[in-house]
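Peer 1: Reading the sequence shown from the start, the letters are residues -8 to -1, 1 to 303 in mature numbering (1 follows the signal peptide of the UniProt record, and there is no 0). Beta carbons are placed, not taken as given, at the ideal position from N, Cα and C, and that holds for glycine. Before anything else, here's the structure in question.
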Amino acid sequence: TSCGSDSAAGGTDDDGTITMGFAQVGAESGWRTANTKSIQETAEAEGIDLKFSDAQQKQENQIKAIRSYIQQKVDIIAFSPVVETGWDTVLLEAKRAGIPVILTDRAVDSEDTSLYETFLGSDFVLEGEKAGEWLVENAAEADVDGDGDVNVVELQGTTGAAPAIDRKTGFESAIAADDSISIGASQTGDFTRDGGKKVMEAFLKSEDGIDVVFAHNDDMGLGAIEAIEAAGLTPGKDVKIITIDAVKDGMAALAEGKISFIVECNPLLGPQLMDLAKKVLAGEEVPERVVTEETTFTQEQAKEVLPERQY
Ligand code: AHR
């Protein structure tokens, strides 16, 4: 090894090549596919030797992958934790092996923040707030059955995942500003299209007067559209849909009027991740939190940007 700070004892290989082990959540959504592509393409462009694993949304698989990266003595480990809890042991193993860790996209709830160098990703609470604020501003229009109450059903992300917990928190705090808005039912669709469809089918049977669907990601919103259409209803008219991510399929549904509003979550984390990895391994100071910049899209805005949307 040539260089590195105390916590980054791994440094780089003798020839200067950085080896990174990346433990990905899975391939559950369009967002995740774009995220994986960004990480793989940036590593290749920058000559970083990337060892990549897909945990199929299972924490045990991610822990196994991290342990194998430790055994292989990679220079640095990055991962997107599927859930927030239960990481201390394996992170301590990495720390003891002198291998620095970067959290990407999702947070862990470890109290010992020395277990990782930095956390790069979105502010999920803010994303939920932006979704809720839009609903508060558009509450009259969102009361599609005109009964004076805006009945929301929520399609939550993976149970225990930072984006599911935080987006719910942010959305609830924003809608608290308007008494007419309430969440009538809330269940996980595991961030997948199929999960969103199945939960929405069940909601359409069990819930009366659904006005709005708040889906924690585009894929679940797209699954909900399938369920709504199969029930003979028109998404965007009979039921308003709000989602998070702004991947191409979501933006197309927004431009078509099936989705009403999308809060962006940026998956293109590759360049910032590789930059942080290089700095950590060079022993440079990095901020403990790097927040991604994001925007929101209305139907009109989606029509404008859709042709240039990369993912
Ligand atoms: O952690 C980011 C979330 O995970 C994205 O919003 C979702 O689409 C993905 O599966």
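Could you tell me the distance, in whole angstroms, from the CA atom of alanine 153 to the CA atom of leucine 127?
Peer 2: Distance between the alpha carbons of alanine 153 and leucine 127: 24 Å.
Peer 1: Could you tell me if aspartate 299 is buried or exposed, where buried requires 16 or more neighbouring beta carbons within 10 angstroms of its beta carbon?
Peer 2: Position check: residue 299 holds proline in this sequence, whereas aspartate was assumed. Burial call: exposed.
Peer 1: Of all the options Lys190, Phe116, Asp135, Lys229, which has the alpha carbon lying nearest to the alpha carbon of valine 282?
Peer 2: Ranking the options by Cα distance to valine 282, first place goes to Phe116.
Peer 1: Start and end of the beta strand (DSSP E) containing aspartate 41?
Peer 2: Taken as a continuous stretch (DSSP letters only), the beta strand (DSSP E) holding aspartate 41 covers 41 to 46.
Peer 1: Just to confirm, is the Cβ distance from aspartate 203 to valine 136 under 8 Å?
Peer 2: Yes, the pair counts as a contact, with Cβ atoms nearer than the cut-off.
Peer 1: Let's test the definition: count the other Cβ atoms within 10 Å of the Cβ of threonine 110 and tell me whether it reaches 16, buried, or not, exposed.
Peer 2: Answer is buried; the Cβ neighbour count reaches 16.
Peer 1: Hey, out of Arg159, Met266, Val75, whose CA is closest to leucine 112's CA?
Peer 2: Minimum Cα distance to leucine 112 is reached at Met266.
Peer 1: May I ask which residues mark the beginning and end of the beta strand (DSSP E) holding arginine 59?
Peer 2: No beta strand (DSSP E) contains arginine 59, which is instead part of the alpha helix (DSSP H) from 51 to 63.
Peer 1: Could you pull the start and end residues of the alpha helix (DSSP H) that asparagine 27 belongs to?
Peer 2: 22 to 37 is the span of the alpha helix (DSSP H), which, as asked, contains asparagine 27.
Peer 1: On the DSSP bridge assignment, give the partners of methionine 12 in chain order.
Peer 2: In the DSSP output, where bridge partners are listed per residue, methionine 12 has Leu42, Ile68.
Peer 1: Secondary structure at proline 279, three-state DSSP: helix, strand or coil?
Peer 2: Of the three classes helix, strand and coil, the one that applies to proline 279 here is coil, per DSSP.
Peer 1: So which of Ile236, Gly242, Asp200, Gly22 has the shortest CA-CA distance to aspartate 230?
Peer 2: Selected option, being the one with the closest Cα: Asp200.
Peer 1: List the endpoints of the continuous alpha helix (DSSP H) containing threonine 161.
Peer 2: Start and end: 154 to 167.
Peer 1: Which whole runs of the alpha helix (DSSP H) in the segment 208 to 265 are 4 residues long or more, in chain order?
Peer 2: You should have 210 to 222, 240 to 247.
Peer 1: Would you tell me roughly how many angstroms separate the C-alpha atoms of aspartate -3 and threonine 105, rounded to the nearest one?
Peer 2: With a pLDDT of 41 at aspartate -3, under the threshold of 50, the modelled position of that residue is not reliable, and the figure given next carries that caveat. Taking the straight line from one Cα to the other gives about 15 Å.
Peer 1: Between Glu36, Ile10, Ser72, which lies nearest to arginine 24 when the distance is taken from Cα to Cα?
Peer 2: Per the Cα distances, Ser72.
Peer 1: For glutamate 146, name the three-state secondary structure that DSSP assigns.
Peer 2: Here glutamate 146 sits in strand by DSSP.
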